Structure formats: structure tokens, C-alpha cells
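Residue numbering for the sequence shown follows the UniProt record's numbering, beginning at 1 and increasing consecutively. We put the CB at the ideal spot given by N, CA and C, even for glycine. Only a predicted model underlies this, so the values are computations on that prediction, with no experimental measurement involved. Remarks on the structure that follows.
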Amino acid sequence: MWDFEIGRSVSIMIRTWPFIVFRMIVYFGITLAYIVATGSGASVGYGVGHISTDPDGPLSFALWGGIVGIGVVSIALYWVREYILYVVKAGHIAVMVHLIDGRDIPNGQDQIAYAKDVVKERFAEANILFVVDQLVKGAIRAITGLIGGIAAFLPIPGLGGLVAFINTVIRLSLTYVDEIILGYNIRINSSSPFETARQGVVLYAQNGKTMVKNAVWLAVIMWGVSFVIFLLMLAPAAAIMWFIPGQLGGWAFVLAILLAWAFKAAFIEPFAIACLMQVYFKTIEGQVPNAEWDQRLAEASSKFRELKDKALASFGGSRWTQPASNT
Numbered sequence: 001m002w003d004f005e006i007g008r009s010v011s012i013m014i015r016t017w018p019f020i021v022f023r024m025i026v027y028f029g030i031t032l033a034y035i036v037a038t039g040s041g042a043s044v045g046y047g048v049g050h051i052s053t054d055p056d057g058p059l060s061f062a063l064w065g066g067i068v069g070i071g072v073v074s075i076a077l078y079w080v081r082e083y084i085l086y087v088v089k090a091g092h093i094a095v096m097v098h099l100i101d102g103r104d105i106p107n108g109q110d111q112i113a114y115a116k117d118v119v120k121e122r123f124a125e126a127n128i129l130f131v132v133d134q135l136v137k138g139a140i141r142a143i144t145g146l147i148g149g150i151a152a153f154l155p156i157p158g159l160g161g162l163v164a165f166i167n168t169v170i171r172l173s174l175t176y177v178d179e180i181i182l183g184y185n186i187r188i189n190s191s192s193p194f195e196t197a198r199q200g201v202v203l204y205a206q207n208g209k210t211m212v213k214n215a216v217w218l219a220v221i222m223w224g225v226s227f228v229i230f231l232l233m234l235a236p237a238a239a240i241m242w243f244i245p246g247q248l249g250g251w252a253f254v255l256a257i258l259l260a261w262a263f264k265a266a267f268i269e270p271f272a273i274a275c276l277m278q279v280y281f282k283t284i285e286g287q288v289p290n291a292e293w294d295q296r297l298a299e300a301s302s303k304f305r306e307l308k309d310k311a312l313a314s315f316g317g318s319r320w321t322q323p324a325s326n327t
């Protein structure tokens, strides 16, 4: 079935509890910001709507006020996305990499400061990490097509619609590949993030069938858990929306999605990343990036070509390096 150890990933989650708490504060704080902004926008709109001669004015203005509130928070998140990636996600991954390799890390809240130093050593500025992350995401989109998608696993004729659907599932399952590549970057103590990301993507592609198989299994598990969480969040979401003026009961559905997203980002995502890093590090052990896959990716993805150009322009970017051992 899958090649990761669920118990080991849960253990990593427990040992990195300061980051789990940190993620809870960040992502549930974002959800709270959405709630406050939606409620405030709806309240203002509801009040302004009474000026209108339209009998449905208050409800209509309350709806648009809520939408504006969501838009304001979304814009704010767009501007802080680099900070979240740099401090929250990258820091947590750095600690998880140490645990997967059996290395000790500081206990308690010192984990966060320690991880921030590790990330800063690899990426002097948040914008460098963000550029690497975006290029890796773009390059990864080409991998499903290059490995043949589900056709590599299910070569049965006459199943075109089913194959297309499952290939879509596969593409969605590749959500955390950029985090895996980031973990690889931290693991080998790279001084050239673009070159290491290039290597990491090629290593992922040449082991694509193994990685995609595990990613699909993990995606199925995560979607099932996320759906259950969404159902559990409907009741508290409806209770919160009761305090917002106007007949905005439909917003409870949106709020339940936001609450489920916050829970997923705080708890489920780090679990998934820990599982996939286990598989990735074990699978690539002793391998070197394959030049043929490098060429295939360059031909299939403009983002990979851009990543390759930046790698070749950086120090040491013109040659492959041997991946570090787990020991």
C-alpha cells in the first residue's frame, strides 16, 4: 500500500509540539480575522442598507459587506504569504528533517528560534525561499504527464474518463512536493538553493511512481479526515453566524470551510509532509539526479527551465552533487 510509517509521523508531530501550537495560533488567527472582517463588513453593510429604498437593501448590503471583509483579509494574507512560508512552514520542516534523520533538536519553545536560524542559513531572505518555492511548484506540474499518470499503473483500454479523473486526483495529491524539496534543501546543508531545488525536483521525477503512489494514498486519507472535520465545524460555524446581522445563514458553510482549513493547516499538513519526507529521503538514498530526467523536465516545463537557469547562474550550479546520507 504505502511506504510511510503513520506512527513515526505522529511521533514527529508530538515532538514538534511548539510548532503545532505556533501553527494553531497563525492559522486559527487567520480564521478569526476572516470571521471579524466578515462580521464587521456585514454589520456596516446592514446599517448602510437601511438608507436604501430597496426593501431587500439591508440584506443585500450585508452580503456585499461580508464579501468586502473577506477580500480585505485575503489581500492582507497575500502580502504576508512570504513570512508564513519562511517562518512557519520552513521552520517546521527544518525541525522535522532533523527528527527524521535521528538528530536531536532543542526542546520547548527554543525549537522555533532554532529552526529560524537553520532556515536563515539556507535562505538569507524570505523572498529567495518564496521564488524557489514558486518555481518548484511550477516544475512539479509537469511530472504527472511525464510519468504517464495513472496509465503507468492501470494500462486498461476503454477507461478514458476514469483515467482522466484519477489523473486529476494525482495532480491534486502533489500539493506538498514543494515542501518535500524544501526539506531536501535543508537536509543536505545546501549553499545554493536553486541548484538543490533543481536536483530535488529531478530526484522526485525519476522516482515519480513511488512518490505519486504514496502521495495519492495520503491525499485520500487527508481528504477523508478533512471532510469529517468540515462536518464537525458546521455547528460552531452556524452558531457564530447567528450573531451576524441579516439572513446570512449560507455563510455558515463558508465559515465551516475556513475552520476546517485552519485545522488542516495546523495539524494535517505537517503530518502529510512528515509522511512524504520519510518516503522521499528513503527512496533517493544513494541516488544521483538523472541527466535524462533533467532534460525531459526542461523540455516540458518553463518553470523548471527558469529554475535551471537560476541554478546554473548560482555558485556551484553547473554540476550535480551527491545527495547526503541519512546517517
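Between Y86 and L129, the CB-CB gap stays under 7 Å. Approximately 36 Å separates the beta-carbon atoms of K303 and G41; this is outside 8 Å, ruling out the contact.
E179 sits in a helix when the DSSP states are folded into three classes.
Annotated three-state conformation of S192 is coil, per DSSP.
The beta carbon of A266 is closer than 6 Å to those of R23, M24 and Y27 in its chain, skipping five residues each way along the sequence. Here W293 is buried: its Cβ has 16 or more other Cβ atoms, across all protein chains shown, within 10 Å. In this structure, the straight-line span from the alpha carbon of E195 to that of E121 is close to 16 Å. Taking K264 as reference, the option from I284, K308 and V225 with the minimal CA-CA separation is V225.
By the C-beta density criterion, M96 is buried, having at least 16 other C-beta atoms within 10 angstroms.
Minimum Cα-Cα distance from W2 among the listed residues T283, W17 and A300 corresponds to T283. Annotation for I284: the continuous alpha helix (DSSP H) segment containing it runs E269 to I284.
Nearest in C-alpha terms to I100, of all of L276, A256 and A313, is L276. In this structure, G39 is the residue among T16, G39, F19 and A274 with its C-alpha nearest to the C-alpha of A239. Only exposed fits G102, as fewer than 16 other CB atoms lie within 10 angstroms of its CB. W2 sits in coil when the DSSP states are folded into three classes, being neither helix nor strand.
Separation of A113 and I140 (C-alpha to C-alpha, rounded to the nearest whole angstrom) is 31 Å. Excluding residues up to 5 positions away in sequence, S226, I229, F230 and M233 lie with their Cβ nearer than 7 Å to the Cβ of A260 in the same chain. Our two residues, I221 and E299, have alpha carbons roughly 34 Å apart in a direct line. Counting only runs that start and end inside the segment 60-112, there is no beta strand (DSSP E) element of at least 3 residues.
Nearest to T16 by C-alpha distance, out of G65, I35 and V88, is V88. Taking the Cα of P236 as reference, the smallest distance to any Cα among R81, P18, L135 and A256 is reached at A256. If you check the CB distance, I180 and Y280 come in under 7 Å.
Relative to N290, the option among G183, Y204, V177 and A37 whose CA is nearest is Y204.
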